[in-house]
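Before any comments, here is the structure.
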Amino acid sequence: MDKIGVVGCGLMGAGIAEVCARAGSQVIAVESSPDRVEAGIARITKSLERAESRGRIDSAAAVLERISVVEDINALRDRDLVIEAIVEDEATKVALFKQLDEIVESPDAILASNTSSIPIMKLAVVTNRPDKVLGIHFFNPVPVLSLVELVPSLLTSEKTTLEARSFVEGSLGKHAILSQDRAGFVVNALLIPFVLSAIRMLESGFATAEDIDEGLVRGAAHPQGPLALADLIGLDTTKAVAESLYEEFKEQLYAPPPLLARMVDAGLLGRKTGRGFYTYE
Ligand code: NAI
0 MDKIGVVGCG LMGAGIAEVC ARAGSQVIAV ESSPDRVEAG IARITKSLER AESRGRIDSA
60 AAVLERISVV EDINALRDRD LVIEAIVEDE ATKVALFKQL DEIVESPDAI LASNTSSIPI
120 MKLAVVTNRP DKVLGIHFFN PVPVLSLVEL VPSLLTSEKT TLEARSFVEG SLGKHAILSQ
180 DRAGFVVNAL LIPFVLSAIR MLESGFATAE DIDEGLVRGA AHPQGPLALA DLIGLDTTKA
240 VAESLYEEFK EQLYAPPPLL ARMVDAGLLG RKTGRGFYTY E
């Protein structure tokens, strides 16, 4: 798979475009406005320059040459694989998959979603190639974390899953695990209730954000605490994932706590807006 398309060049899309280009693929990423195109290019450039300065890649410029970020989604016409990484909203993703199915010409091309929690079947059934649709779920930060969850739906062909695994492991050098098509897949179905419990603990005045996080870092050897992790994921995305899990399982442990909802209403989305449970430069 030489020609890769990525839709959405935010936190995750930029990382996915970067790792694909670092592996030698030609990447076209699509964003929704000129400002977002600029922001996507800036995000990728900054990350590649950091990788170059740390000696992880020889030349940021050489990798950047393999990536273009554009506004016109029709640029994805000739892609072998398109990975969707837009906002975690089912209706928006469904509309995009319909559009991608019409645009991407090769009947063998795979349409993948980086969704954290939306069932892949919802996206597969709106296309004319449900056998070619699956979840390829990366982790944040994409250039750093080695895990990818592969999520075939009931309609995904064995061949599609094998091709995706070969790309993820063979080309990108990541480690793939397989999950059934259930909201949250393996990792978020376990991780999000943990993050929500920490938010409830903070909300009830049980302990401060700093003490909750320090407790998990020093007492359970987590690399960062759950509230710092929520800030990294983005509180809007955390809430959206919790809502998908709650919708699927109807269990209280997945329900977004009011504090999370109010922070999202207030635009306190974590690192990406400079303030969440902590403040950032
Ligand atoms: P983000 O908000 O940083 O980026 C989303 C980008 O998509 C924005 O730049 C937006 O302009 C763009 N976009 C929205 N609609 C579009 C359209 N129709 N066409 C082109 N671009 C469009 O969000 P983030 O965090 O990158 O999440 C993207 C997806 O990845 C979501 O499905 C999320 O659940 C998933 N994900 C997020 C992780 C995280 O830690 N944030 C981890 C793994 C998966």
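In numbering that gives the first Met the number 0, the protein residues as written are 0 to 280.
Every residue gets a Cβ at the ideal spot worked out from N, C-alpha and C, and that includes glycine.
Short Cβ contact (8 Å threshold) for residue i with residue j
i	j	result
A108	R65	no
L47	A59	yes
L149	K131	no
G269	A208	no
A84	G12	yes
L231	N127	no
L234	G224	no
G39	E30	yes
L122	V6	no
L201	L258	yes
L171	V18	yes
L244	Y253	yes
R49	C8	no
Residue i, buried or exposed, once every other Cβ within 10 Å from all chains shown has been counted against 16
i	result
P255	buried
I15	buried
V86	exposed
P33	exposed
K173	buried
F193	exposed
V167	buried
R21	buried
V143	exposed
D100	buried
D1	exposed
N113	buried
A265	exposed
Cut-off 6 Å between Cβ atoms - residues of its own chain near residue i, not counting five sequence neighbours on either side
i	result
V240	S115, S116, N187 and I191
P151	L133 and T160
G273	Y279
A175	V147, L149, R164, V167 and E168
H221	L215
M262	L234
F276	A208, L226 and D230
Neighbourhood of residue i by C-beta distance below 8 Å, restricted to the same chain and skipping five residues each side
i	result
A260	K238
V63	For clarity, residue 63 is Leu in the given sequence; the question names Val instead. Around L63: A20, I43, T44 and L47.
S24	M0, D1, K2, I3, R65 and S170
Sequence-distant residues of the same chain with beta carbon closer than 7 Å to residue i, five excluded per side
i	result
R199	P256
Anticipated Cβ contact below 8 Å, residue i with residue j, distance rounded
i	j	result
A28	V68	5 Å
K97	V125	5 Å
M120	D180	6 Å
Residue i beta carbon near the ligand NAD (any heavy atom closer than 7 Å)
i	result
T160	Only the ligand NAI can be found as ligands here, which leaves the ligand NAD out of the picture.
Every unbroken alpha helix (DSSP H) within the segment 96-157, with a cutoff of 4 residues, ordered by chain: As summarised for the segment 96-157, the continuous alpha helix (DSSP H) elements at least 4 residues long and confined to that stretch are 119-123, given in chain order.
Alpha helix (DSSP H) runs wholly inside the segment 165-211, at least 4 long, in chain order: Counting only runs of 4 or more, we get 186-202.
Please go through the segment 50-91 and give each complete beta strand (DSSP E) segment of 3 or more residues, from N-terminal end onward. Restricted to the segment 50-91, the beta strand (DSSP E) segments that are unbroken, complete and at least 3 residues in length are 66-69 and 80-83, listed in chain order.
Could you name each continuous alpha helix (DSSP H) segment of 4 residues or more that falls completely within the segment 21-50, going from the start of the chain to the end? Taken in chain order, the whole alpha helix (DSSP H) runs of length 4 or more contained in the segment 21-50 number zero.
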